[in-house]
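K.L.:
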Amino acid sequence: MSALLLEKLYVMGLIATRWDLSHAQKVTASCFCRRRLPVVMVRNKMSETIKDATKLIQQGHVRVGVEMVKDPAFLVTRSLEDFVTWVDGSAIKRHVMEYNDMRDDYDLGS
């Protein structure tokens with residue numbers, strides 16, 4: 001039973017290793033807050049502040065995997081952390097691509 005708990009906490013990204021049961025005792029509310037989508041966006045340098053990231057999420061500019069996420073309380077698991085990106089039709093993505101000189105008119109539509 002404890003192995004299942006450790007595996008679940010590790011997959012969610014709340015503990016660093018899945019082998020030590022003492023790490024499960026140290027899981028706090030702030031551990032869950034660090035896995036929220038706006039915090040992950042700030043950590044990935046997609047936004048400067050959590051407030052700005054929350055606004056971008058609510059406006060529909062962010063997707064996790066293939067699904068657009070509009071809920072700032074979305075918890076990003078360890079496996080989905082690499083798949084946080086901009087929605088394809090987003091103006092933010094267009095500006096980032098233009099800034100990085102990677103914009104392709106065919107892919108973005110305009």
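The numbering of the sequence shown is full-length UniProt numbering, which starts it at 1 and goes up by one. Each residue gets a CB set at the ideal place from its N, CA and C atoms; glycine is no exception. All figures in this text were calculated on a predicted structure; none of them were measured in a lab.
Please go through the same chain and pick out, in chain order, the residues whose beta-carbon is closer than 8 Å to the beta-carbon of V69, but skip the five residues on each side of it.
P.N.:
Closer than 8 Å at Cβ, skipping near neighbours: L37, I57, V62 and R63.
K.L.:
Give the C-beta separation of S2 and L21 to the nearest angstrom, bearing in mind that I take them to be a contact with Cβ-Cβ under 8 Å.
P.N.:
The pair is a contact, with the Cβ atoms about 6 Å apart (cut-off 8 Å).
K.L.:
Grab the span of the alpha helix (DSSP H) containing T54 for me, first residue to last.
P.N.:
I50 to Q58 is the extent of the alpha helix (DSSP H) around T54.
K.L.:
Less than 8 Å between the C-beta atoms of A24 and L4, yes or no?
P.N.:
No, Cβ-Cβ distance for A24 and L4 is not below 8 Å.
K.L.:
Using a Cβ-Cβ cut-off of 8 Å (strictly less than) and excluding sequence neighbours within five positions of P72, which residues of its own chain qualify?
P.N.:
Cβ within range, chain order: R36, L37, P38, A53, T54, I57 and Q58.
K.L.:
With H, G and I counted as helix, E and B as strand and the rest as coil, what does DSSP make of V84?
P.N.:
Strand.
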